[in-house]
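Residue numbers (the working numbering): 1189 to 1259. C-beta atoms are modelled at their ideal positions from N, C-alpha and C, and glycine is treated no differently. Here's the structure we're looking at; comments come further down.
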Amino acid sequence: MDTAPAASTIPCRLHCVEAAALLLGVKRSTAYEEIRLGRLRTVRIGRRRLVPTEYIDEYVALLKNEAEAAV
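Here you go:
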């Protein structure tokens, strides 16, 4: 009996930069610029740069804090 969940039911926890940009609703170049500025953190696995889901959440919280501070 196979009790492992199907691959489609396992949430993705690491996103390529392009997918992270899509989740954030920004262009790929904007995501890379935010990474360069240190505002959107990433991890490296081999030569790949990936964005963990929790780093996307941190970035959204940063944007919310900046928006609230500007008011």
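Give me the DSSP bridge partner(s) of residue 1200.
Answer is none; residue 1200 lacks a bridge partner.
Reduced DSSP category for residue 1216 - H, G, I as helix; E, B as strand; rest coil
Here residue 1216 sits in helix by DSSP.
So what does DSSP say about residue 1205, is it helix, strand or coil?
It is helical.
If you compare alpha carbons, which of 1229, 1221, 1253 is closest to residue 1203?
Distance from the Cα of residue 1203 is smallest, within the candidate group 1229, 1221, 1253, for 1229.
Whose CA, out of 1239, 1200, 1197, 1253, lies closest to the CA of residue 1220?
Comparing Cα-Cα distances from residue 1220 to each of 1239, 1200, 1197, 1253, the minimum goes to 1239.
Assuming the contact rule is C-beta atoms closer than 8 angstroms, residue 1250 and residue 1227 should be a hit. Round their C-beta distance to whole Å, please.
Contact flag correct, Cβ pair sits at about 6 angstroms.
Classify residue 1254 as buried or exposed, calling it buried when 16 or more other Cβ atoms lie within 10 Å of its own Cβ.
Looking at its Cβ environment, which holds fewer than 16 other Cβ atoms inside 10 Å, residue 1254 is exposed.
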